[in-house]
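*Asks:* Chains as they are written, first to last, in the working numbering: chain A, 1 to 200; chain B, 201 to 230.
Quick reminder that beta carbons are idealized off the backbone N, C-alpha and C, glycines included.
To start, I am sharing the structure in question, which I have written as structure tokens.
See below:
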């Protein structure tokens, strides 16, 4: 059952968003969750349309990111899950939270480490989705160099500690974990003031 | 003499980041 915006103050305490930002984020949530079925929840199709702009039926990353948002494993997103996950993408979110989320994202099989075969699968998917054509030799070369940088324990996989060390040395690897415009949420959705549940 | 080609400058995760990027920018356009 859709429950809407129940406790904006609690969500504001537990995320990087202020109460006003939570209420403005709810305006965005209503827009996304009514795109296909107006039920106050975001299904995978609405998620894909809003956050990835791709119409393909299946996408490795849409599925993986959706699963990470869907912490209650219900196959559908409520506002609380949406707000908590997007909080990690806020410019003010803790770097450690971004590192953790990105590790989970790339640990496709959820084994606690990123293995070479997963990296290759993600590279091949990315190249296919962006229409780039690289030979298998070049792809293998890119992956070899990446593991030379990341796999400091030389066991053929990247664990969380190695991932953390890699992204701290190469912060640009976390670029996709920050959405700068989330800072503008209240000015983009000013109508939240008409539905506000809290006093100034 | 063997030509090993240009050095690889891109990390696999930089590449993957292109596909795994969320994009809500359309909702924020003024």
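On the three-state DSSP scale, how would you describe residue 9(A)?
*Replies:* Residue 9(A) falls in the helix class under three-state DSSP.
*Asks:* For residue 191(A), decide whether its Cβ has a neighbour in chain B, counting only Cβ atoms nearer than 8 Å.
*Replies:* Not one chain B Cβ lies under 8 Å of residue 191(A).
*Asks:* For the stretch 109–143 of chain A, enumerate the residues whose C-beta is nearer than 7 Å to any C-beta of chain B, in chain order.
*Replies:* Here the close residues are 119, 122, 123, 125, 126, 129, 130, 141, 142, 143.
*Asks:* Would the beta-carbon of residue 52(A) fall within 8 Å of that of residue 77(A)?
*Replies:* No. Outside cutoff.
*Asks:* Check for me: the beta strand (DSSP E) holding residue 159(A) runs from which residue to which?
*Replies:* Run containing residue 159(A): 157–159, per the beta strand (DSSP E) assignment.
*Asks:* According to DSSP, is residue 69(A) helix, strand or coil?
*Replies:* Helix.
*Asks:* Counting only Cβ pairs nearer than 8 Å, list the residues of chain B close to residue 16(A).
*Replies:* Per Cβ cutoff of 8 Å: no residues; residue 16(A) is ~16 Å from chain B at best.
*Asks:* How big is the Cα-Cα spacing for residue 162(A) and residue 152(A)?
*Replies:* Their backbone Cα atoms lie some 7 Å apart in a straight line.
*Asks:* Work out the CA separation of residue 114(A) and residue 146(A) for me, nearest whole Å.
*Replies:* Roughly 12 Å between the two C-alpha positions.
*Asks:* For residue 104(A), go through chain B and note every residue whose CB falls closer than 9 Å to its CB, in chain order.
*Replies:* By Cβ distance, chain B contributes nothing, its closest Cβ being about 11 Å from residue 104(A), past 9 Å.
*Asks:* Cβ of residue 52(A) less than 8 Å from any chain B Cβ?
*Replies:* Closer than 8 Å to some Cβ of chain B, the Cβ of residue 52(A) qualifies, so yes.
*Asks:* Quick one: is residue 158(A) buried, meaning 16 or more other Cβ sit within 10 Å of its Cβ, or exposed?
*Replies:* Under this definition residue 158(A) is a buried residue.
*Asks:* So, using beta-carbon positions, are residue 109(A) and residue 100(A) closer together than 8 Å?
*Replies:* No, the Cβ-Cβ distance between residue 109(A) and residue 100(A) is not below 8 Å.
*Asks:* I want to see whether chain B comes within less than 8 Å of residue 92(A), judged by CB atoms only; does it?
*Replies:* Not one chain B Cβ lies under 8 Å of residue 92(A).
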